[in-house]
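J.: Got a structure for you, written out below as structure tokens; questions coming shortly.
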Amino acid sequence: MKTTAAFDGLVCTDCGERFDPESATHDCPDCGGLLDPRYDLSRIDLARDELETRPFDGLWRYEELLPLPRSAAVTVDEGTTPLVDCPELADELGVERLLIKDEGRNPTGSLTDRGHALAVSAAREHGASDVALATTGDAGQSAAAYAARAGLDSHAFVPTRANFGNKAMINVHGGDMNVVEGRFDDAAAACADALDDEDWYSTNPFKTPYRHEGAKTMFYEIVEQLDWEVPDGIVHPTGSGVGLVGLHKGATEFAELGLTDNLPALYAAQASGCAPIVEAWEAGDDSHEPWDVPDTICGGIEIADPHGSPLVLDALDDSDGGAVATDDESILDSAITVAQHTGVEMGASSAAAASGAWELAEQDVFGTDDTVVLVNGASANKEADILRSHLMGKGI
Numbered sequence: 001m002k003t004t005a006a007f008d009g010l011v012c013t014d015c016g017e018r019f020d021p022e023s024a025t026h027d028c029p030d031c032g033g034l035l036d037p038r039y040d041l042s043r044i045d046l047a048r049d050e051l052e053t054r055p056f057d058g059l060w061r062y063e064e065l066l067p068l069p070r071s072a073a074v075t076v077d078e079g080t081t082p083l084v085d086c087p088e089l090a091d092e093l094g095v096e097r098l099l100i101k102d103e104g105r106n107p108t109g110s111l112t113d114r115g116h117a118l119a120v121s122a123a124r125e126h127g128a129s130d131v132a133l134a135t136t137g138d139a140g141q142s143a144a145a146y147a148a149r150a151g152l153d154s155h156a157f158v159p160t161r162a163n164f165g166n167k168a169m170i171n172v173h174g175g176d177m178n179v180v181e182g183r184f185d186d187a188a189a190a191c192a193d194a195l196d197d198e199d200w201y202s203t204n205p206f207k208t209p210y211r212h213e214g215a216k217t218m219f220y221e222i223v224e225q226l227d228w229e230v231p232d233g234i235v236h237p238t239g240s241g242v243g244l245v246g247l248h249k250g251a252t253e254f255a256e257l258g259l260t261d262n263l264p265a266l267y268a269a270q271a272s273g274c275a276p277i278v279e280a281w282e283a284g285d286d287s288h289e290p291w292d293v294p295d296t297i298c299g300g301i302e303i304a305d306p307h308g309s310p311l312v313l314d315a316l317d318d319s320d321g322g323a324v325a326t327d328d329e330s331i332l333d334s335a336i337t338v339a340q341h342t343g344v345e346m347g348a349s350s351a352a353a354a355s356g357a358w359e360l361a362e363q364d365v366f367g368t369d370d371t372v373v374l375v376n377g378a379s380a381n382k383e384a385d386i387l388r389s390h391l392m393g394k395g396i
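Counting from 1, one number per residue, gives the positions in the sequence shown under full-length UniProt numbering.
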């Protein structure tokens, strides 16, 4: 397995044991806990001026802080997405600056491309022939695309409610799509059964250590795009929580390397019809209780039982952030407001970040001098029918 010089193995976030990434691929072999890539940061000599001389050409420009080198990468030039300044929205929120990190510009239209670039690269390095996952849609499309690029077969288990565009592109990329009656939890159960029976390599979030590792590059880019200013807050639409965990890890690593001085406050934004992270945060718990009856139009973030909730909640706590839930009506209204005032096409599920930011502003969480970043997790093209139906229903 090709690895970078500073990559120092996989550490279990539960028991603390360290493992060789050559042999440990998913859960902790000792206790079943989540594995996290770690680095010997003393071996990394990275300065701001060094990064500034490099082309802004994708997440592999941060090769030293990734487990695999560019030479082992399965890549479709993901990453280095725009950070769009939205002064009119900043005025509405009462903050100095409001920017949208537009992850909808990734190759398959979502931030999951960052994680799958690394997860599928690792799968190929481990000699896998097939990758598999349960998905609300975006990650299945991403996995199919990157598996095709790597010459691997992919298997996606999607709930019936997953949007047509994602389903179509899973097939277009040559993926094996298994549509499961019900919601995401039903698809996850079907995927787990298949993984027990088949010799497939899971790219499920937090089952593979590499999905959140790709997501952390969002933070690296954000601070570079802000001329090394750390934003005061980042609001992220949250289902499994991969993006938030990645942002926290990226911020921590840059601070430890002396590239930045502080962490941004991280905020998880969920739909009130499925908000296990918010419920756990408000209760002061270290983990979540599964949401009994998920009910939201925002299928992309409707994850009733997020496997990585302890890491998500730790990221919120360590960054002095928080969690917020808003209803579907507010979320869809926010998606349309963003589109009509900024031109940014924020998907229905991703617009939980915008709606959540409005709610946080109502709670006086932000200061008038703050810089706030919203993460647009996926292109609105994936959920355009939902947005247009909402628009027509309002008679606009």
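For glycine and all other residues, C-beta sits at the position ideal for the given N, C-alpha and C.
Are H288 and V242 closer than 7 Å when you measure CB to CB?
T.: no
J.: Contact check, A348 vs I297 under 8 Å by CB: the rounded distance?
T.: Right, their Cβ atoms sit about 6 Å apart.
J.: What is the rounded straight-line gap between the Cα of E256 and the Cα of L391?
T.: 46 Å
J.: Can you tell me whether H341 is buried or exposed? The criterion is at least 16 other CB atoms within 10 Å of its CB, across all chains shown.
T.: exposed
J.: If we ignore side chains and look at the alpha-carbon of each, how far apart do D153 and M177 end up?
T.: Their backbone Cα atoms lie some 11 Å apart in a straight line.
J.: Does the beta-carbon of N262 have 16 or more other beta-carbons within 10 angstroms, so that it is buried, or is it exposed?
T.: With fewer than 16 other Cβ atoms within 10 Å, it is exposed.
J.: Quick one: give me the first and last residue of the alpha helix (DSSP H) that D153 is part of.
T.: Not the alpha helix (DSSP H): D153 falls in the beta strand (DSSP E), residues D153 to P159.
J.: Would you mind stating whether L98 and V344 have Cβ atoms separated by less than 7 Å?
T.: no
J.: If you draw a straight line from the alpha carbon of D192 to that of A134, how long is it in whole angstroms?
T.: The question names Asp, yet the displayed sequence has Ala at residue 192. Taking the straight line joining both Cα atoms gives about 8 Å.
J.: Beta-carbon within less than 7 Å of E78's beta-carbon, same chain only, minus the 5 sequence neighbours each way: which residues are those?
T.: G58, L59, N106, P107, D113, R114 and A117
J.: Tell me the start and end of each unbroken beta strand (DSSP E) in the stretch 58–103 that is at least 3 residues and wholly inside, in chain order.
T.: 83–85 and 97–102
J.: Hey, P205 and I301: beta-carbon distance below 7 Å or not?
T.: no
J.: Per DSSP, what are the beta-bridge partners of G322 in this structure?
T.: Y267
J.: Per DSSP, which one or two residues make a beta bridge with H236?
T.: A268
J.: Let me check one thing: in DSSP terms, what residues is R18 bridge-paired to?
T.: V11
J.: Pick out whichever of E125, G299 and C274 has its Cα sitting closest to the Cα of N166.
T.: The shortest C-alpha separation from N166 is found at G299.
J.: In this structure, does DSSP put D45 in helix, strand or coil?
T.: coil
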